[in-house]
Structures are given as structure tokens and as C-alpha cells.
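Novice: So the protein sequences, as listed, match chains P and A.
Per the UniProt record's numbering, the first sequence starts with residue 1, numbered consecutively.
Per the UniProt record's numbering, the second sequence starts with residue 1, numbered consecutively.
For reference, the structure I am asking about is given below.
There are 2 protein chains.
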Amino acid sequence: MPRPSVREVIVETALVEFHRSGYSACSVDAITRAAGVPKGSFYNHFRSKEELGVEVIGRYAANPEWSRDPDPSAPPLQRLRARFGIMRDVMVGNEFTRGCLIGNMGSEQADHSVAIRAEVDTDLTAWSGAIAELVRQAQAGGTAPAGLDPDRVARFVLNAWQGTVLRTKVVRSGQAFDDFFTTVFDDLLAAG
Amino acid sequence: MPRPSVREVIVETALVEFHRSGYSACSVDAITRAAGVPKGSFYNHFRSKEELGVEVIGRYAANPEWSRDPDPSAPPLQRLRARFGIMRDVMVGNEFTRGCLIGNMGSEQADHSVAIRAEVDTDLTAWSGAIAELVRQAQAGGTAPAGLDPDRVARFVLNAWQGTVLRTKVVRSGQAFDDFFTTVFDDLLAAG
């Protein structure tokens, strides 16, 4: 296997460190130390920590648990539930720490970095769009209420998920996940 | 008017600064400078920045927009909607920046400070409880679906609100608020 480039090592290390410690709390110095690369090499690859932050969010969003579809032939709401279930299982495995890096970066940096805010916005919009598509399919098959605006309910469900992940980090239990699955799938999206 | 104590000036300044800049990004030095008090005086009043953080969250939670009830004689779901509406109006006034300090502190510090996590947990639990009480009243009056577990739906609604506030910070528009009000009050809590 070819040795990963210095740039690649920095991105992968920063992803772990930003997720674990937060963006502000994590200096360029700490990242290069954890990556085992000279501090001076950082600025050969990135103009700023912010540029690295944007790349890390994009990397995290491009390879989400979300994209694993355990059974693409299952009914659409079952697929939606399974995808959220995979993300829940990852967070249970992390003992409810860390949460979603996209949400964390948005919460922490939306007011402070135009570039990070734009990247988080792009990723959340794409994610909502994928949810809306499954809701549309469920409506077409008669398994979700026909009267719901699929785009609006998809944005709401994703926002509710982000708040659920936050609550889970705070409570350190799976209760917020149970609340989410029951309310979204048994109440909100259940066909009359 | 008596001059506020140094301690009080530090707490009120820190509330503004943590809300504006985030907790990690805001040093004790920056707080005492913004407060116009000697840096050395800080440790006469607080053992640590963390102790100050806990007090600031409690202060923010104890005097929420939430507690203003524009019309206590209105039907319960109208009161619930009005309270969320007051918080939305504050955030619109802030041009969608800052968000909710309780959610921000939870997102940023839940993994790093046991004391801050506990304070955020306490405040969110009290807040959910107040929502549940209004849902219960609405169910008793026949204006919310009888089949919903009021405690579960209240936790979910609060989590959805926190995610909504986060999305609003990222998108810098009121769309997430509109999504929240429509989905929660017209779909989820609407009596069949």
C-alpha cells in the first residue's frame, strides 16, 4: 500500500481530532503533533485551519453512515429508519460521545466562519434532499401521509435528528434516539 | 442603583461572550477584559472557567424567553406555540446568529466537562417537563391527540427545536422555524 501523503494524514487526523475535541479547542499545532508531521508542513498544504475545517466536513459528509443502505429493496420508510439506525448504532458504540461532526461544526462555527457555514449548509441540504426522496417514494406507495410536504418534513426530520444527537450527547443514554424513532416513524410519518 | 458586584459583572459579561463566541474560544482573559475587571479578580470569585460556565448556563436557563407567557388564559397549544414564537423572534432579531446558549454549551462541552453536561441536562429536563405539562393540558381538553405519550413527545419537540435553532444559524433564514411550527403544530400535535 502506498504511504498516504502528508496532506491526507493531516485531513484524516483532523477529522478525528475535530470530532473528539471540537474545532476551536484543536490547534494546528495539536493536529500536526497528532498526525506526526512537522508543524511547518501544514501551511504547504492548507492556507488556514479554516480551509482544513471545510475539507474535513466535506470528507465526513461524503462518506456518511447514512449512505449505507442495508436493503435497497426494502420499503422506503424502512430504508429511512435503517439509515438512521446505522448512525444511532455508531453513536451507541461511541458511548454517546462525539455526535455528528456536521452538526457540531455548524453549532460551533456558523457565526464565525463563512466558509464552514457554507459547507455545513451544503451538506445538510443534500442530506435533507435524500430524506425527501424516500418520503416521496413512501407517499407514492401509500405508506406515508399524502398531505405532508416531503421537502418540509424532510428538513424538519433532519433538524430533529440533529437535536436528538445533541440531547443524546448530553444525557448519555439512548432515550432521545427512542423518542426520535417512535415520534417520526409511528406518529409523524405513519399513514393514517 | 447600587453598583453591581465584580462577580455579577463577570457572570453577565461571560453570558454575552459565551453566547457570541463560544465557550472554548473565550478565555478568562478575554472575559475579564470585556468585563473591565482585573484578571486577578476572577479567581477570587470562581475556581475555574468551568465553574463560571455552569453558573452562566443556569442564569440563561432561569430567565428564558420561554417563561414569558403572553396570554396565560389561551388554550395550551396556543401558549406553547407563543412561547416558541417569542424565542424565534429573539433569534430573528439577532439575524439568526448565536442560537440557544443551552444547546451551544451542550454541543460544545458535553464530552469535555461533567459539570457543564450535568447543568445542560438539568435545564433541558426542566424545559421538556414544562412542554409536557402543556401537551397534557391540551390532551385533557381534546386539542392534542390522546394517544401520544406527552413526556416522550415533549422531549422530541424540544430536541427538534434545538436542531431547528442549529439549522437556522447555518442557513441564516427563518425557514427552519417555519418547518418546525408547521410540522409540530399542524401535523404532530393536531388533534385528528
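We put the beta carbon where it would ideally sit given N, CA and C, even for glycine.
Fair warning: this is a prediction, and the values are worked out from it, not measured in the lab.
Do Glu-108/P and Gly-22/A have their C-beta atoms within less than 7 Å of each other?
Specialist: Against a cut-off of 7 Å, the Cβ pair of Gly-22/A and Glu-108/P comes out as a contact.
Novice: Glu-108/P by DSSP, collapsed to three states: which one?
Specialist: Note: Glu-108/P maps to helix in three-state DSSP.
Novice: Residues of chain A with a CB under 8 Å from the CB of Val-120/P: which are they?
Specialist: Residues of chain A passing the Cβ test: Val-170.
Novice: My understanding is that Leu-15/A touches Tyr-60/A, with C-beta atoms under 8 Å, so please give their C-beta distance in whole angstroms.
Specialist: The Cβ separation is near 6 Å, so the contact holds.
Novice: According to the Cβ coordinates, are His-19/A and Arg-117/A closer than 7 Å?
Specialist: No.
Novice: Are the stretch 41 to 55 of chain A and the stretch 25 to 32 of chain A touching, with three or more C-beta to C-beta distances below 8 Å?
Specialist: Yes, since at least three Cβ pairs between the stretch 41 to 55 of chain A and the stretch 25 to 32 of chain A fall closer than 8 Å, the two stretches touch.
Novice: Give, in chain order, every unbroken run of the alpha helix (DSSP H) that is at least 4 residues long and sits entirely within the stretch 75 to 153 of chain A.
Specialist: Whole alpha helix (DSSP H) segments, 4+ residues: 76 to 93, 101 to 109, 114 to 140.
Novice: Could you spell out the range, first to last residue, of the alpha helix (DSSP H) harbouring Lys-49/A?
Specialist: Element bounds for Lys-49/A: 49 to 62.
Novice: Using the Cβ count rule (16 or more neighbours within 10 Å means buried), how would you classify Val-54/A?
Specialist: Flag for Val-54/A reads buried.
Novice: In terms of residue numbering, what span does the alpha helix (DSSP H) encompassing Tyr-23/P cover?
Specialist: Counting along the chain, Tyr-23/P falls outside any alpha helix (DSSP H), and DSSP gives it neither H nor E.
Novice: Indicate whether at least one CB of chain P lies closer than 7 Å to the CB of Thr-143/A.
Specialist: Not an interface residue.
Novice: Please classify Gly-36/A: does DSSP put it in a helix, a strand, or coil?
Specialist: In the structure shown, Gly-36/A sits in coil (DSSP, three-state: anything other than H, G, I, E or B).
Novice: Under 8 Å by Cβ, that's how I've got Gln-137/A and Pro-70/A pegged, so tell me the actual separation to the nearest angstrom.
Specialist: With a Cβ gap of about 17 Å, Gln-137/A and Pro-70/A do not count as contacting.
Novice: Would you decide whether Ser-5/A is buried or exposed? Buried here means 16 or more other CB atoms lie within 10 Å of its CB.
Specialist: With fewer than 16 other Cβ atoms within 10 Å, it is exposed.
Novice: What's the call for Asp-89/A, buried or exposed, on a 16-neighbour Cβ count within 10 Å?
Specialist: It is exposed - the Cβ of Asp-89/A has fewer than 16 other Cβ atoms within 10 Å.
Novice: According to DSSP, simplified to helix, strand and coil, what is Asp-187/P?
Specialist: Correct three-state label for Asp-187/P: helix.
Novice: Counting only Cβ pairs nearer than 8 Å, list the residues of chain A close to Ala-25/P.
Specialist: Within 8 Å Cβ-Cβ: Ser-24, His-112.
Novice: Are the CB atoms of Leu-166/A and Gly-106/P within a distance shorter than 7 Å?
Specialist: Yes; because the gap between Cβ atoms is below 7 Å, this pair is in contact.
Novice: Relative to the alpha-carbon of Asp-149/P, which residue among Gly-129/P, Thr-168/P, Leu-101/P has its alpha-carbon at the smallest distance?
Specialist: Selected option, being the one with the closest Cα: Gly-129/P.
Novice: For the alpha helix (DSSP H) containing Asp-71/P, list its first residue and its last residue.
Specialist: Looking at the DSSP string, Asp-71/P is not in any alpha helix (DSSP H), and its letter there is neither H nor E.
Novice: Out of curiosity, what's the CA-to-CA distance linking Pro-145/P and Val-135/P?
Specialist: Distance between the alpha carbons of Pro-145/P and Val-135/P: 9 Å.
Novice: Compare the C-alpha of Phe-185/A against each of Arg-68/A, Ile-131/A, Asp-121/A, Thr-168/A and name the closest.
Specialist: Looking at the Cα atoms, Ile-131/A is the closest of the given residues.
Novice: Would you kindly check if the distance between the Cβ of Val-170/A and the Cβ of Asp-121/P is under 7 Å?
Specialist: Result yes, Cβ atoms of Asp-121/P and Val-170/A sit closer than 7 Å.
Novice: Express the C-alpha separation of Ile-102/A and Val-9/A in angstroms, rounding to a whole number.
Specialist: Those two C-alpha atoms are separated by around 20 Å.
Novice: Helix, strand or coil for Phe-156/A per DSSP?
Specialist: Correct three-state label for Phe-156/A: helix.
Novice: Express the C-alpha separation of Ala-35/P and Leu-80/P in angstroms, rounding to a whole number.
Specialist: Taking the straight line joining both Cα atoms gives about 36 Å.
Novice: Could you tell me whether any Cβ in chain P is nearer than 7 Å to the Cβ of Ser-107/A?
Specialist: Yes, contact with chain P.
Novice: Rounded to whole angstroms, what's the CA-CA distance from Ser-173/A to Asp-111/P? Just pull it up for me.
Specialist: Rounded to whole angstroms, Ser-173/A to Asp-111/P spans 13 Å at the Cα level.
Novice: Going by the beta-carbon positions, is the gap between residue 245/P and Asn-159/A smaller than 7 Å?
Specialist: For chain P, the structure presents residues 1 to 192; residue 245/P sits outside this window and is missing.
Novice: Output needed in chain order: residues of the stretch 177 to 188 of chain A with a Cβ under 7 Å from some Cβ in chain P.
Specialist: Listed by position along the chain: Asp-179, Phe-180, Thr-182, Thr-183, Asp-187, Leu-188.
Novice: So what's Arg-172/A in DSSP terms, helix, strand or just coil?
Specialist: If DSSP states are grouped into helix, strand and coil, Arg-172/A belongs with coil.
Novice: Report the neighbours of Trp-161/A on chain P: residues whose CB is nearer than 8 Å to its CB, in chain order.
Specialist: Those within 8 Å of Trp-161/A in chain P are Gly-163.
Novice: Given a limit of 7 Å on CB to CB distance, which residues of the stretch 146 to 160 of chain P reach chain A?
Specialist: Listed in sequence order: Leu-148, Arg-152, Val-153, Arg-155, Phe-156, Asn-159, Ala-160.
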